[in-house]
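Asks:
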Amino acid sequence: MGKAVESEEIPKYRDIRRYFCQYCGICRSKKTLITSHINLHHKEEVEKARDEKDHEAEVGKSNTCEECGASFKKHAYLLQHMQSHSLEDNNL
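In terms of full-length UniProt numbering, the sequence shown opens at residue 1 and continues consecutively.
1) Could you tell me the boundaries of the alpha helix (DSSP H) in which H42 lies?
2) Relative to the C-alpha of Y19, which residue among L33, N90 and H85 is closest?
3) Take the Cβ of I26 as the centre, count every other Cβ of all protein chains shown within 10 Å, and call the residue buried at 16 or more, exposed below.
4) Going by other Cβ atoms of all chains shown within 10 Å of its Cβ, with 16 needed for buried, is I38 buried or exposed?
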């Protein structure tokens, strides 16, 4: 009799994840389902958001030296170049 009471008191654990569409709010139980929904129904919105993000990245990231105007493909190269300017300042 004690075992029957224990099994009724402890609910079985269920892992129900909820994934919501950021565009229309629809809910799905699996991430793949919500991804498929977004790709099918909100393709234009996703492309617009991606284009805006890419544009912001281009504007925000300038790998150009402010002292001499030299430009570099990578930010790390710009940092290395900036050290040469600090060495010039120390030698003067």
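Quick reminder that beta carbons are idealized off the backbone N, C-alpha and C, glycines included.
Treat the numbers as computed from the prediction; the structure is a model and nothing was measured.
Replies: Considering the structure as presented:
1) Here residue 42 refers to the residue found at position 42 of the sequence shown. Taken as a continuous stretch (DSSP letters only), H42 belongs to no alpha helix (DSSP H), as it is neither H nor E.
2) Position 19 of the sequence shown, counted from the start, is the residue given in the question as residue 19. Selected option, being the one with the closest Cα: L33.
3) As a first step, residue 26 is located in the sequence shown; it is residue number 26 there, counting from the start. The residue is exposed, with fewer than 16 neighbouring Cβ atoms inside 10 Å.
4) Counting from one through the sequence shown, the residue named residue 38 turns up at place 38. Burial call: buried.
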